[in-house]
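Just so you know, the sequences run in chain order A, B and C. So for the first sequence, this note's numbering puts the first residue at 1; every next one is plus one. So for the second sequence, this note's numbering puts the first residue at 1001; every next one is plus one. So for the third sequence, this note's numbering puts the first residue at 2001; every next one is plus one. First up is the structure itself, then whatever we jot down about it.
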Amino acid sequence: MKKFAVIAMLMVAVFVTGCAGQSDSESSIHVFNWGNYINPDVVQMFEEEYGITVIYSTFESNESMYTTIAMGGNVYDVLFPSDYMIYRMIQEELLRPINFDNVPNISHVSERFMGLEFDPQNRYSAPYKWGTLGILYNTTMVNSVIDSWEALWNPDYANLIFMYNSERDSMAVALKLLGYSLNSTNEDEINRARDLLIEQRPLVRAYVTDVVKDLMIAGEAALAVVYSGDAVFTMMHNPDLNYVIPREGSNLWVDAMVVPHNANNPEGAEAFINFMLRPEIAAMNTNFIGYTTANATALEMGLIDPALMEMPGFDITDEEYRRLEVFIDLGEFRDVYTRAFTTVLGS
Amino acid sequence: MRLRKTYLALILMFLYAPIFILMLQSFNASRTMGAWGGFSLHWYAALFQDRNIAQALYNTVTIGLLSATIAAVIGTLAAVGINNMRKGAKKIVLGLSSIPVANPDIVTGVSLLILYLSVFRLVGAGRLGYMTLLLAHIAFNIPYVILSVLPRFKHMNKHLYEAALDLGASPRYAFLKVVVPQLMPGIVTGWVLAFTLSVDDFMVSFFTTGAGVSNLSLIIFSMARTGVNPMINALSTLMFVFVMVLLFIINMRDSIKLKKLGG
Amino acid sequence: MKSKALAYPYIIWMIIFTVIPILLIVHYSFTVTTGNVTSFTLDNLARFFDPLYVNILRRSIVLAAQATGICLLLGYPVSYILAQKEFRDRNILLFLFVVPMWMNFLIRTYAWLTILGTNGVLNSVLTFFGLPPMQLLFNDGAVLLGLVYTFLPFMILPIYVSIQKIDQSLIEGAQDLGANGFNVFRRIILPLSLPGVVSGLTMVFMPAVATFVVSNLLGGGQFILIGNLIEQQFLLVGNWNFGSALALILMVLIVLCNVLLSFLNKETKEEAI
Chain A
1 MKKFAVIAML MVAVFVTGCA GQSDSESSIH VFNWGNYINP DVVQMFEEEY
51 GITVIYSTFE SNESMYTTIA MGGNVYDVLF PSDYMIYRMI QEELLRPINF
101 DNVPNISHVS ERFMGLEFDP QNRYSAPYKW GTLGILYNTT MVNSVIDSWE
151 ALWNPDYANL IFMYNSERDS MAVALKLLGY SLNSTNEDEI NRARDLLIEQ
201 RPLVRAYVTD VVKDLMIAGE AALAVVYSGD AVFTMMHNPD LNYVIPREGS
251 NLWVDAMVVP HNANNPEGAE AFINFMLRPE IAAMNTNFIG YTTANATALE
301 MGLIDPALME MPGFDITDEE YRRLEVFIDL GEFRDVYTRA FTTVLGS
Chain B
1001 MRLRKTYLAL ILMFLYAPIF ILMLQSFNAS RTMGAWGGFS LHWYAALFQD
1051 RNIAQALYNT VTIGLLSATI AAVIGTLAAV GINNMRKGAK KIVLGLSSIP
1101 VANPDIVTGV SLLILYLSVF RLVGAGRLGY MTLLLAHIAF NIPYVILSVL
1151 PRFKHMNKHL YEAALDLGAS PRYAFLKVVV PQLMPGIVTG WVLAFTLSVD
1201 DFMVSFFTTG AGVSNLSLII FSMARTGVNP MINALSTLMF VFVMVLLFII
1251 NMRDSIKLKK LGG
Chain C
2001 MKSKALAYPY IIWMIIFTVI PILLIVHYSF TVTTGNVTSF TLDNLARFFD
2051 PLYVNILRRS IVLAAQATGI CLLLGYPVSY ILAQKEFRDR NILLFLFVVP
2101 MWMNFLIRTY AWLTILGTNG VLNSVLTFFG LPPMQLLFND GAVLLGLVYT
2151 FLPFMILPIY VSIQKIDQSL IEGAQDLGAN GFNVFRRIIL PLSLPGVVSG
2201 LTMVFMPAVA TFVVSNLLGG GQFILIGNLI EQQFLLVGNW NFGSALALIL
2251 MVLIVLCNVL LSFLNKETKE EAI
């Protein structure tokens, strides 16, 4: 039995040190970003200039990113969440204040995106890209003017509709069509929105995420709910496509760079964020992925591809701005959204 | 006979057509699947320049080799020990061993994820990554080694070991020189099985890996989620050719051996 | 050599990596944590009996059963033909049927993504013949096709092995006694190949019922199976309690299937003798 105990202790020790002892060298950072949300050349340029290796991973939704961070066992240095998720992560002490002495390029960020509700003192986040949620449609496949979310319930487009597989975004579509706030915490309103989405199910080809770009470029569907940046990207590749922010209103979002509380290399993270905020770098990213930069200097210096800037959805008018709403974190009520959306998908 | 051959041919076509289409597409200069844009090695060039794929390949191969080898060692020792157990104990150990084999991979995956994160919380440190991935692969590989080695005991000559001891060999020496060689065919089968299972695994890896560590299955999944990617076609072609060559060599070796035995 | 101690490292390993993880799943299934207090509850399991989740499980089972059935229908004749003694190139053919098993599972699924897309290979063929393109991806059919394609070799191999094992003299004896080909098949080959059929059924049904990859890639996000649900609970929602309860239910289901099948196997064996 003694032998048994010795072996047991040895093995547990090896296991624990094996997993706990994996610390990275000072010269690397772990970046966790949305899929297709960066110009790969930028990463390489950063590595060459700073001698820091970037270990890059991607996520599909704010919620999955949050769970990865919250459950522990993963150490990242830079994340790219959206507004409402940043708010939640600040509340739950999952983020670490950024030392902006190391990020002087924050001065390039447009005033419009500073001091927003999710991070009023700008202590935790550095805005990256912004955009809206809207309908991307193929002009050769629609027979009417698309200016309302209602088009997504039009039986003429049965099986020609792609929805976005994200609970907040899909619920927002239905809530807005019903004339409610996309931050509604009224259970009746949620149920009505859920029923509307269930009613729409037979018309929907699929609930997709990043793959929507390829599918729309290839002309697989007439209508798709997309983020404005993906719309701009696809419109550059397929001139038949157009983008609209429906008249009932929609979501305005900002994605920002943040440093998680347990970051291994916060200095490296700050160097990376500062690098990303350089006007030329911000422009390289926007020109590559199509998403509008929050970097005012990059726009003023004319570094952005003019063809992109002319695309609908790249910028918004004041009139559109008034129709838009920013997501806020719903606290405990988010479970109601999760359940509602699972019901829609599982129905 | 003709009907039968036609049927086999149809099923074979069903099994191979998708793979051959992938292989053909990997030489297609055009990005779209439907249109042929001319012959090109462009996607192979892109593949070899992709750092993430190179890293995933490295992880797949090293984890495959390490997990199979470690599982072969622990599994072989375990098989010897189990063989010497009393019937009741043997039954319990074998029953528990069959859990990872009988369980759906997704359950194995999430249960290991819970284990890792619970230990990390307890210790206050640790992270998911290469090490957790390797341990998970060893864990699901060992039972297959045991199951491959155990049947060999039926064919074993028990007296050889005792004879070696009588002739003055130390137990360790006798074990390595007499017992292990007799078990070798089972160990090799177990090792090959473990290696292929590790290389093929997606489900368990999906739950037990962490920041920036992936293997080929994981990278194909994340690329496929963003749509059809010609680089995956090139990668698939290389992997298919590799598997074909490997299996062919194994088969050839076996049939040569058979011929020698027969002659 | 006589020492049981050689198994100790493995037994400890097994306790850490097999027994404790399963106990953790059971633990999370039956508890709920509010604040710092963890208490016993049956809510997680009760929550499953919401029609929403029961339906998802039912759909997973039906789909996996359909895939298994199709694999059996397609695979049995293949194994039967391959096991015929008069076949000369049998080894090469068997080799060809086994190779796809060794292909990476993700690649086998991905291949269909490129074939079934609107601008994919199949539709290019249709358009070439002047036919309108079809929507082949993101529906039940695509998921079913993906499952059958992925798991077919796992049905063929065990059945082949069991047919091949059948003592030739039994068949010859029956023929001498005047049984025709059909009767030989029905009375001898079919019952004696049932163990192979049973292990084929397990090897296909089990991974098919728990998959989330095939449904995710070929079915689109709206195609939720029990595997997708478990994945979501752990990686999206972060609810280990409900996720564990689902995993536990899946585990029990698989155990029940195994018991049922091994029972069936025993019955048929006795009948055959």
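Beta carbons: idealized from backbone N, C-alpha and C, even for Gly.
inquiry  = Need the endpoints of the beta strand (DSSP E) that V244 (chain A) sits in, please.
reply    = What you label residue 244 (chain A) is simply residue 244 of the first sequence in a count that begins at 1. Its beta strand (DSSP E) spans residues 241-244.
message = Taking only three categories from DSSP, how would you classify G134 (chain A)?
response = What you label residue 134 (chain A) is simply residue 134 of the first sequence in a count that begins at 1. Looking at G134 (chain A) - three-state DSSP - the assignment turns out to be strand.
task = Mind checking who S110 (chain A) pairs with in its DSSP beta bridge?
result = Within the first sequence, residue 110 (chain A) is the residue found at index 110, counting from 1. DSSP output for S110 (chain A) lists no bridge partner at all.
task = Compare the C-beta of Q1055 (chain B) with all C-beta atoms of chain E and state if any pair is closer than 8 Å.
result = Any reference to chain E falls outside this structure, whose protein chains are A, B and C.
query = W34 (chain A) by DSSP, collapsed to three states: which one?
reply = Taking the first sequence and counting its residues from 1, one reaches residue 34 (chain A) at position 34. In this structure, W34 (chain A) counts as strand in the three-state DSSP scheme.
request  = Would you check if there are 3 or more beta carbon pairs closer than 8 Å linking the stretch 2026-2034 of chain C to the stretch 2044-2051 of chain C?
outcome  = yes
request  = Please name the residue, chosen from A:E92, A:L178, A:N159, that lies closest to E150 (chain A) on a Cα-to-Cα basis.
outcome  = Counted from its first residue, the first sequence places residue 150 (chain A) at position 150. Checked all of A:E92, A:L178, A:N159; the closest Cα to E150 (chain A) is A:L178.
query = Using a Cβ cut-off of 7 Å, which residues of the stretch 1040-1074 of chain B contact any Cβ in chain A, in chain order?
reply = none
ask   = Which value, in whole angstroms, describes the spacing of the CA atoms of N2258 (chain C) and F2128 (chain C)?
value = Taking the first residue of the third sequence as 1, we reach residue 2258 (chain C) at position 258. Taking the first residue of the third sequence as 1, we reach residue 2128 (chain C) at position 128. For N2258 (chain C) and F2128 (chain C), the distance between alpha carbons rounds to 48 Å.
message = Is there a Cβ of chain B sitting closer than 8 Å to that of S2003 (chain C), yes or no?
response = Here residue 2003 (chain C) is taken as the residue at index 3 of the third sequence, counted from 1. It does: the Cβ of S2003 (chain C) has a partner Cβ on chain B nearer than 8 Å.
ask   = The alpha helix (DSSP H) with T2118 (chain C) in it runs from where to where?
value = Within the third sequence, residue 2118 (chain C) is the residue found at index 118, counting from 1. Run containing T2118 (chain C): none; DSSP gives neither H nor E here.
request  = Assign F1242 (chain B) to buried or exposed, taking buried as 16 or more other Cβ atoms, counted over all protein chains shown, within 10 Å of its Cβ.
outcome  = As a first step, residue 1242 (chain B) is located in the second sequence; it is residue number 242 there, counting from the start. Counting Cβ neighbours within 10 Å, F1242 (chain B) comes out exposed, since fewer than 16 surround it.
task = Compute the Euclidean distance between the alpha carbons of P2132 (chain C) and N159 (chain A), then round it to the nearest angstrom.
result = The residue you call residue 2132 (chain C) lines up with position 132 of the third sequence. The residue you call residue 159 (chain A) lines up with position 159 of the first sequence. If I take the Cα positions, the gap works out to 15 Å.
message = Is there a Cβ of chain A sitting closer than 8 Å to that of T1237 (chain B), yes or no?
response = Stepping through the second sequence from its first residue, residue 1237 (chain B) is reached at position 237. So, not an interface residue.
query = In this structure, what does DSSP give as the bridge partners for V258 (chain A)?
reply = For the purposes of this step, residue 258 (chain A) is taken as residue 258 along the first sequence, with counting starting at 1. DSSP lists A:L79, A:S125 as partners of V258 (chain A).
message = Buried or exposed for Q1302 (chain B), going by 16 or more other Cβ atoms inside 10 Å?
response = Chain B is shown from 1001 up to 1263; residue 1302 (chain B) falls before or after that span and cannot be answered.
query = Are the C-beta atoms of I69 (chain A) and some chain B residue less than 8 Å apart?
reply = Walking along the first sequence from the start, residue 69 (chain A) turns up at place 69. It does not: the Cβ of I69 (chain A) has no partner Cβ on chain B nearer than 8 Å.
message = Within 10 Å of its beta-carbon, does Q2232 (chain C) have 16 or more other beta-carbons around it, so buried, or fewer, so exposed?
response = Stepping through the third sequence from its first residue, residue 2232 (chain C) is reached at position 232. Under this definition Q2232 (chain C) is a buried residue.
ask   = Got a sec: is the Cβ-Cβ distance from G21 (chain A) to anything in chain C below 8 Å?
value = In the first sequence, counting from the first residue as 1, residue 21 (chain A) sits at position 21. Confidence in G21 (chain A) is poor, its pLDDT being 48 and thus under 50, which makes the residue's placement too unreliable to answer from.
task = Keeping to the same chain, check which residues put their C-beta closer than 6 Å to that of I245 (chain A); ignore five residues upstream and five downstream.
result = The count along the first sequence starts at 1 and reaches residue 245 (chain A) at position 245. Answer for I245 (chain A): T132, G134, E320, listed in chain order.
message = Using the three-state DSSP reduction, which class does S1222 (chain B) fall into: helix, strand or coil?
response = Taking the first residue of the second sequence as position 1, residue 1222 (chain B) is located at position 222. The answer is helix: DSSP assigns S1222 (chain B) an H, G or I state.
key: Same chain only: Cβ atoms within 8 Å of R123 (chain A), ignoring 5 sequence neighbours per side   = Locating residue 123 (chain A) in the first sequence gives position 123, where the first residue counts as 1. Here R123 (chain A) has P97, I98 as same chain residues with Cβ atoms under 8 Å from its own Cβ, once five neighbours each way along the sequence are excluded.
inquiry  = Going by C-alpha to C-alpha distance, which of C:M2155, C:V2252, C:F2138, C:T2109 sits closest to V2197 (chain C)?
reply    = Along the third sequence, read from residue 1 onward, the residue named residue 2197 (chain C) stands at position 197. Checking every option, the nearest Cα to that of V2197 (chain C) belongs to C:M2155.
key: Identified DSSP bridge partners for E325 (chain A)   = As a position in the first sequence, residue 325 (chain A) is number 325, starting the count at 1. DSSP lists A:N251 as partners of E325 (chain A).
Paired residues, beta bridge with N1028 (chain B) - DSSP = Within the second sequence, numbered from 1, the residue matching residue 1028 (chain B) stands at position 28. DSSP lists B:F1039 as the beta-bridge partner residues of N1028 (chain B).
Any chain C beta carbon closer than 8 Å to R1002 (chain B) = Mapped onto the second sequence, residue 1002 (chain B) falls at position 2. It does not; no Cβ of chain C falls within 8 Å.
key: Simplified DSSP state of M89 (chain A), which is helix, strand or coil   = On the first sequence, position 89 is the one that residue 89 (chain A) refers to. Three-state result, M89 (chain A): helix.
ask   = Residues of chain A with a CB under 7 Å from the CB of S1026 (chain B): which are they?
value = Residue mapping note: residue 1026 (chain B) aligns to position 26 of the second sequence, counting from 1. Near S1026 (chain B) there are no residues of chain A at all, since even the closest Cβ is about 18 Å away, more than 7 Å.
Limits of the unbroken alpha helix (DSSP H) element including R194 (chain A) = Along the first sequence, read from residue 1 onward, the residue named residue 194 (chain A) stands at position 194. Taken as a continuous stretch (DSSP letters only), the alpha helix (DSSP H) holding R194 (chain A) covers 187-200.
key: Runs of alpha helix (DSSP H) wholly within the stretch 1048-1096 of chain B (minimum 4 residues, chain order)   = 1051-1083
key: Beta-carbon proximity check, A221 (chain A) vs L215 (chain A), cutoff 8 Å   = Within the first sequence, residue 221 (chain A) is the residue found at index 221, counting from 1. Within the first sequence, residue 215 (chain A) is the residue found at index 215, counting from 1. Closer than 8 Å, so yes.
request  = Run the CB neighbour count on R112 (chain A), radius 10 Å, all protein chains shown included, and call it buried at 16 or more, exposed below.
outcome  = Counted from its first residue, the first sequence places residue 112 (chain A) at position 112. Flag for R112 (chain A) reads exposed.
ask   = Would a check of beta-carbon distances place V54 (chain A) closer than 8 Å to chain C?
value = Within the first sequence, numbered from 1, the residue matching residue 54 (chain A) stands at position 54. Output row for V54 (chain A): interface = no.
ask   = What residue does the alpha helix (DSSP H) around Y337 (chain A) start on, and which one ends it?
value = To locate residue 337 (chain A), count along the first sequence from 1; it is residue 337. Counted as a single uninterrupted DSSP element, the alpha helix (DSSP H) harbouring Y337 (chain A) occupies residues 334-346.
task = Check the Cβ-Cβ distances between I1249 (chain B) and every residue of chain C, and say whether any is below 8 Å.
result = Within the second sequence, the letter at position 249 stands for residue 1249 (chain B). No, no contact with chain C.
query = So, does the CB of T58 (chain A) fall closer than 8 Å to a CB anywhere in chain B?
reply = Taking the first sequence and counting its residues from 1, one reaches residue 58 (chain A) at position 58. By this cut-off, T58 (chain A) is an interface position.
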